[in-house]
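Just so it is clear: in the sequence shown, position 59 is 588 by this note's numbering, and no numbers are missing. Following: one structure in structure tokens, then a few remarks.
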Amino acid sequence: MKKVVLRPSSTRGSSSSSDDGRDQSQSRAHSSNNVRWTACQKNHAASTGGHSLDGCTRFIPGSGPNATYTCASCGCHRNFHKKEEC
Ligand SMILES: [Zn+2]
Numbered sequence: 530m531k532k533v534v535l536r537p538s539s540t541r542g543s544s545s546s547s548d549d550g551r552d553q554s555q556s557r558a559h560s561s562n563n564v565r566w567t568a569c570q571k572n573h574a575a576s577t578g579g580h581s582l583d584g585c586t587r588f589i590p591g592s593g594p595n596a597t598y599t600c601a602s603c604g605c606h607r608n609f610h611k612k613e614e615c
């Protein structure tokens with residue numbers, strides 16, 4: 530036996546005065562435009578169990594199409610450098 534529950538229709542008023550103009554779909558997604566790469570954190574003594582950094586304090590992109598992500602001063606990949614958003 531099926532029981533059908535009929536809900537009383539809500540009162541229909543023509544009260545469409547409040548225009549919902551607030552659209553919060555505009556997300557401020559800051560792209561990685563203002564990102565700089567600072568200290569290199571590659572552990573050059575990882576193979577020996579130690580901890581030794583090369584002292585590079587700033588990522589300098591190398592010249593050439595294939596060296597864009599390689600630091601010209603320490604030779605490490607950019608991923609080893611600390612990422613800072615400014
Ligand atoms: Zn390095």
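Yeah, the Cβ is synthetic: ideal placement off N, Cα and C, and Gly gets one too.
Is K611 near ligand 1, with its Cβ less than 8 Å from a heavy atom?
no
Closest Cα partner of A568 within the set D583, N562, R536:
D583
Near E613, what residues of its chain come up, given a Cβ to Cβ distance below 6 Å and the 5 sequence neighbours on each side ignored?
R565, T567
CA-to-CA distance, G604 to H573, given in whole angstroms
12 Å
Distance, S576 Cα to C615 Cα:
Looking at the two C-alpha atoms, the distance is approximately 34 Å.
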